[in-house]
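Undergrad:
Numbering (the working numbering), first residue to last: 4 to 53.
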């Protein structure tokens, strides 16, 4: 795995954890933001992240 893929995986993990925290706190405005970031990161090169 190259550095870019590793960074993307870590970024996704970070935002997914943030998303879980937002949902737990019923903070759905921020949860939507986190989901948007996750989707943006995954959309950069979706075929390589699977």
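For every residue, glycine included, the Cβ atom is placed at its ideal position computed from N, Cα and C.
Going by other Cβ atoms of all chains shown within 10 Å of its Cβ, with 16 needed for buried, is residue 31 buried or exposed?
TA: Answer is exposed; the Cβ neighbour count stays below 16.
Undergrad: Please return the same chain residues whose Cβ sits closer than 7 Å to the Cβ of residue 7, not counting the five positions on each side in sequence.
TA: No residues qualify anywhere along the chain.
Undergrad: What three-state label does DSSP hand residue 37 in the structure shown?
TA: Three-state result, residue 37: helix.
Undergrad: State the Cα-Cα distance for the pair residue 47 and residue 17, rounded to the nearest angstrom.
TA: Straight-line Cα distance between these residues: approximately 17 Å.
Undergrad: For residue 22, I'd like the list of residues in its chain whose CB is within less than 8 Å of its CB, leaving aside the five on either flank, ordered along the chain.
TA: Same-chain partners within the cutoff: 34, 37, 38, 41.
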